[in-house]
Amino acid sequence: MSSAPVDVAVVGGGPAGLAVAAMAARQRLSVTLLERASLPHDKACGEGVMPAGLAVLDRLGVLSRIPREESGPIRGVRYVQEDGSCLEGALPGAGGLGIRRTALSSALLDAARSAGAEVRDRTTLRSHRRTAEAMMLETDAGQLYAGVVVAADGLHSPLRRAEGLEVPARGGRRFGLRQHFLTVPWTDRVEVYLSPGAEAYVTPCGPSRVGVAFLWSDRQLEERPSITSLLARFPFLARRLAQAEPDSEPRGAGPFLQRARSWATERLALLGDAGGYVDAITGEGLSVALVCAEALAACLPEAVRSAGDVRAFRSYEATARREFRKYAWTARAVLGLARRPRLRRGVVVTLARRPRTFEWLLARTVG
Ligand SMILES: Cc1cc2nc3c(=O)[nH]c(=O)nc-3n(C[C@H](O)[C@H](O)[C@H](O)COP(=O)(O)OP(=O)(O)OC[C@H]3O[C@@H](n4cnc5c(N)ncnc54)[C@H](O)[C@@H]3O)c2cc1C
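Residue 411 is where the sequence shown starts when you use our numbering, and the numbers rise one by one after that.
Encoded structure:
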């Protein structure tokens with residue numbers, strides 16, 4: 411690997427890393443992205459991109475690169491309880507989009523490369539240290555020097571830990587498992603099926619494909635669950651999928667709850683799940699990551715000019731804190747209800763009688 415210093419090194423080629431690499435390269439910064447997997451990359455995800463995230467993808471010119479057969483419109487959200495009763499509402503504006511992760515990865519990769527970023531997949535960051543002039547990254551393919559490093563290395567971010575920015579998580583451990591099925595989506599709403607101890611949510615990801623993501627807490631499910639055992643907890647959904655062939659391998663993730671002490675230090679900023687994560691229950695991780703990527707990209711020229719002075723990241727930290735708080739508040743509120751089935755049933759029934767209130771809440775959180 412060449413040791414010529416770059417302005418920005420991005421570690422992690424998930425949606426957050428690829429998006430910020432494209433945005434930074436468009437500002438004529440020299441950018442190298444390191445990703446340990448091969449790209450485009452698949453990952454456990456519900457694949458619903460909410461309106462705020464879609465707006466960022468649109469500004470990046472990525473939406474037009476998503477093939478129609480790899481995506482499905484999301485016009486609203488529907489919660490389905492054990493007895494079949496529902497709470498549903500429309501998303502604001504044109505709504506969201508279910509996008510197969512491989513298609514999103516491919517479109518963002520194109521955007522990053524065509525903006526001029528150098529993307530090195532199958533390259534793992536092993537360690538890093540600060541020198542007087544730059545950040546030195548030791549990878550399994552050699553060394554790289556960068557003025558600023560963006561740590562977009564995911565939920566269990568090795569860089570967050572190595573920087574001493576990790577905050578120990580308190581509370582129950584939640585996990586997720588997803589698989590796709592070949593069937594024509596029966597609705598243009600994201601459906602969230604609720605049961606004591608687990609939730610399942612279904613996203614249209616193409617004209618003949620749905621993605622199903624199961625979420626659970628290890629305090630409430632004793633056995634190590636499989637797609638089959640999880641599906642058995644949701645008879646309405648199991649019936650829908652009875653004849654549908656799987657279209658992907660199951661993929662899992664967790665534990666979800668992760669926090670960082672701050673979003674930036676000297677020469678380094680955390681982005682996406684690396685900066686913190688609460689839960690997949692509200693399907694907002696991608697949107698938060700994309701909105702924050704734009705805020706970080708706006709700070710990068712000054713951060714590079716000032717040799718990584720932490721003050722250059724101030725406006726990014728303010729945006730990240732605001733977006734994370736909003737997301738965390740909603741995720742904790744929905745999780746709190748999911749853990750208390752009796753209270754949740756009461757709230758669902760009450761809100762179902764007030765659809766405007768529910769839509770106002772949706773617009774406030776994902777709009
Ligand atoms: C079950 C489930 C359902 C979800 N559903 C939704 C949903 O419907 N909508 C939504 O918006 N969000 C959803 N999310 C959350 C969403 O998937 C994440 O918020 C999103 O992937 C974050 O993107 P990221 O780029 O920060 O991290 P990631 O996508 O995890 O990317 C991090 C990358 O860093 C790489 N990496 C790590 N360490 C190194 C290293 N040392 N060197 C090089 N590369 C490295 C990894 O290989 C990985 O590719 C869901 C998550 C789960 C688990």
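Built from N, CA and C at the ideal position, the CB exists for glycine as well.
So, are the CB atoms of residue 476 and residue 513 less than 7 Å apart?
Going by C-beta atoms, residue 476 is nearer than 7 Å to residue 513.
If we count Cβ pairs, one from each stretch, closer than 8 Å, do we get three or more for the segment 730 to 743 versus the segment 498 to 511?
These segments do not touch.
Over what stretch of residues does the beta strand (DSSP E) that includes residue 712 continue unbroken?
It is not in any beta strand (DSSP E) - residue 712 instead sits in the alpha helix (DSSP H) that spans 695 to 715.
Mark residue 438 as exposed unless 16 or more other C-beta atoms lie within 10 angstroms of its C-beta, in which case mark it buried.
Residue 438 should be labelled exposed.
Below 7 Å CB to CB, which residues in the same chain sit around residue 616 once its five sequence neighbours on both sides are set aside?
The residues are 479, 480, 481, 482, 510.
What residue does the beta strand (DSSP E) around residue 613 start on, and which one ends it?
From DSSP, the beta strand (DSSP E) with residue 613 extends over 608 to 614.
Is it the case that the CB of residue 507 approaches a heavy atom of ligand 1 more closely than 6 Å?
No.
Is residue 444 near ligand 1, with its Cβ less than 6 Å from a heavy atom?
Under cutoff, so the answer is yes.
What I want to know is whether the C-beta of residue 454 ends up closer than 6 Å to one or more non-hydrogen atoms of ligand 1.
Correct: residue 454 has its Cβ closer than 6 Å to ligand 1.
Is the closest heavy atom of ligand 1 to the C-beta of residue 451 under 6 Å?
Residue 451: yes, Cβ under 6 Å from ligand 1.
Quick check: the Cα distance between residue 755 and residue 762, rounded to an integer number of angstroms?
Approximately 10 Å, taken between the alpha carbons.
Grab me the residues of residue 587's own chain with a C-beta within less than 6 Å of its C-beta, minus the 5 sequence neighbours each way, in chain order.
Here the set comprises 624, 660, 662.
State the start and end residues of the unbroken beta strand (DSSP E) segment that holds residue 540.
That run of the beta strand (DSSP E) goes 535 to 540.
Is any non-hydrogen atom of ligand 1 found closer than 6 Å to the C-beta of residue 415, if you look at the structure I gave you?
Residue 415 Cβ: outside cutoff for every heavy atom of ligand 1.
So residue 631 packs on residue 607, CB below 8 Å; how close in whole Å?
Contact holds; Cβ gap of about 6 Å.
Can you give me the C-alpha to C-alpha distance between residue 426 and residue 749, rounded to a whole angstrom?
Computed Cα separation, rounded: 30 Å.
Roughly how many angstroms lie between the CA atoms of residue 648 and residue 642, to the nearest whole one?
Going by the C-alpha atoms only, they are around 7 Å apart.
Confirm, please, whether the CB-CB distance from residue 764 to residue 601 is below 7 Å.
Contact: no.
Cα-Cα, which of 566, 539, 492 is closest to residue 556?
Ranking 566, 539, 492 by Cα distance to residue 556 puts 539 first.
For residue 509, which beta-bridge partners are listed by DSSP?
Residue 509 is bridged to 481.
Please check the pair residue 500 and residue 486, which I expect to be a contact at CB under 8 Å, by giving their CB distance rounded to whole angstroms.
Correct: roughly 4 Å between the Cβ atoms.
Exposed or buried, which one is residue 547 when buried takes at least 16 other CB atoms within 10 Å?
By the neighbour-count rule (16 or more Cβ atoms within 10 Å), residue 547 is buried.
Can you give me the start and stop residues for the beta strand (DSSP E) that residue 626 sits inside?
619 to 627 is the extent of the beta strand (DSSP E) around residue 626.
Considering only the alpha carbon of each residue, which of 517, 666, 673 lies closest to residue 692?
Closest option to residue 692, Cα to Cα, is 666.
Identify every residue that forms a DSSP beta bridge with residue 605.
In DSSP, residue 605 forms a bridge with 608.
For residue 576, which residues in the same chain have their Cβ closer than 6 Å to its Cβ, ignoring the five residues on either side in sequence?
Excluding residues within five positions, the ones whose Cβ falls inside 6 Å are 570.
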